[in-house]
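Asks: Sequential numbering of the sequence shown, starting at 1, is according to UniProt numbering. Below is the structure I would like to discuss, written out as structure tokens.
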Amino acid sequence: MTAKKAAVIMGSDSDWPVVEKCVKQLRELGVETEARVMSAHRTPEQAREFARSARENGFGVIIAAAGKAAHLAGALAANSTLPVIGIPIKSSTLDGLDALLSTVQMPSGIPVATVAIDGAQNAALLAAQILAVADGELAARLDAMREEMTAATIAKDAALQKKLNG
Ligand code: RP5
Numbered sequence: 001m002t003a004k005k006a007a008v009i010m011g012s013d014s015d016w017p018v019v020e021k022c023v024k025q026l027r028e029l030g031v032e033t034e035a036r037v038m039s040a041h042r043t044p045e046q047a048r049e050f051a052r053s054a055r056e057n058g059f060g061v062i063i064a065a066a067g068k069a070a071h072l073a074g075a076l077a078a079n080s081t082l083p084v085i086g087i088p089i090k091s092s093t094l095d096g097l098d099a100l101l102s103t104v105q106m107p108s109g110i111p112v113a114t115v116a117i118d119g120a121q122n123a124a125l126l127a128a129q130i131l132a133v134a135d136g137e138l139a140a141r142l143d144a145m146r147e148e149m150t151a152a153t154i155a156k157d158a159a160l161q162k163k164l165n166g
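Structure, rendered in structure tokens:
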């Protein structure tokens, strides 16, 4: 397990089908992960307090997933200097563009590292890479994962060449 924990905060339990993939990836990498439902709009005081105490509570990175007018990542980032990664969640309207723009368009001074709409796995990997700056064992697990990915892609290319050229 990692020395620092990852926090995965979602604005609603309706975000869980996407967020679940993020939590699963972090845990597969051996990152100690806590997942919570907290909303910038519905529980602003709880979200603020979580962010303000996150560093002293052992977290090294915060992931925030929210849809619609997605202010959660920005609200957490406003209350912590831990790195915050935003996952814009696609909801029933606007295909997630609303959440993408709400998450990515932060004003200067309060950064949020925004991944793609529903980009749960990349959020987990980016969080792990941040924690791996101070954790060589986690960095080695990430390197191994990259090597597996490279081998899998080379194998797919070989299979395509065989199909096309015999
Ligand atoms: C956001 O509003 C949540 O992150 C969710 O993506 C969206 C809808 O929430 P529910 O109405 O499903 O609770 O705050």
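No residue lacks a Cβ here, since even glycine has one placed at the ideal position from N, Cα and C.
Quick check on DSSP: helix, strand or coil for R55?
Replies: R55 falls in the coil class under three-state DSSP.
Asks: Looking at the secondary structure, which residues open and close the beta strand (DSSP E) in which V8 lies?
Replies: 5–10 is the extent of the beta strand (DSSP E) around V8.
Asks: Quick one: what does DSSP say E32 is sitting in, helix, strand or coil?
Replies: In the structure shown, E32 sits in coil (DSSP, three-state: anything other than H, G, I, E or B).
Asks: Let me check one thing: in DSSP terms, what residues is A89 bridge-paired to?
Replies: Before going further, note that residue 89 is Ile rather than Ala in the sequence given. In DSSP, I89 forms a bridge with G67.
Asks: Per DSSP, what kind of secondary structure is V61 in: helix, strand or coil?
Replies: Strand at V61.
Asks: Should N79 be labelled buried (16 or more other beta-carbon atoms within 10 Å of its own) or exposed?
Replies: Buried.
Asks: Anyone know if the C-beta pair for S12 and V37 falls short of 8 angstroms?
Replies: Yes, these two residues count as a Cβ contact at 8 angstroms.
Asks: By the DSSP assignment, the alpha helix (DSSP H) with S102 in it spans what residues?
Replies: Where S102 is concerned, the enclosing alpha helix (DSSP H) stretches over 97–104.
Asks: Is the Cβ-Cβ distance between A54 and V112 less than 8 angstroms?
Replies: No, these two residues do not count as a Cβ contact at 8 angstroms.
Asks: Which residue from V115, M106, G109, A77 puts its Cα closest to that of K90?
Replies: Among V115, M106, G109, A77, the Cα nearest to that of K90 is on V115.
Asks: Looking at V23 and A35, is the spacing between their C-beta atoms short of 8 angstroms?
Replies: Contact: yes.
Asks: Just to confirm my understanding: we take L100, look at its own chain, exclude 5 residues before and 5 after, and list those with CB closer than 6 angstroms. What are they?
Replies: Closer than 6 angstroms at the Cβ level, and outside the excluded window around L100, lie P88, I117.
Asks: Is it right to say A151 is buried, meaning 16 or more other beta carbons lie within 10 angstroms of its own, or is it exposed?
Replies: Under this definition A151 is an exposed residue.
Asks: Could you give the C-beta distance for K4 and G86, rounded to a whole number, given that I count them as a contact under 8 angstroms?
Replies: With a Cβ gap of about 19 angstroms, K4 and G86 do not count as contacting.
Asks: At a cut-off of 7 angstroms, is G67 close to ligand 1 when judged by its beta-carbon and the heavy atoms of the ligand?
Replies: Checking the Cβ of G67 against ligand 1 gives yes.
Asks: L131 and T2 - do their beta-carbons sit closer together than 8 angstroms?
Replies: Contact flag set, yes.
Asks: Quick one: Cα of K21 to Cα of P44, how far?
Replies: Using only the alpha carbons, I get a separation of about 25 angstroms.
Asks: Is the separation between the beta-carbon of D15 and that of A66 shorter than 8 angstroms?
Replies: Taking 8 angstroms as the Cβ cut-off, D15 and A66 qualify as a contacting pair.
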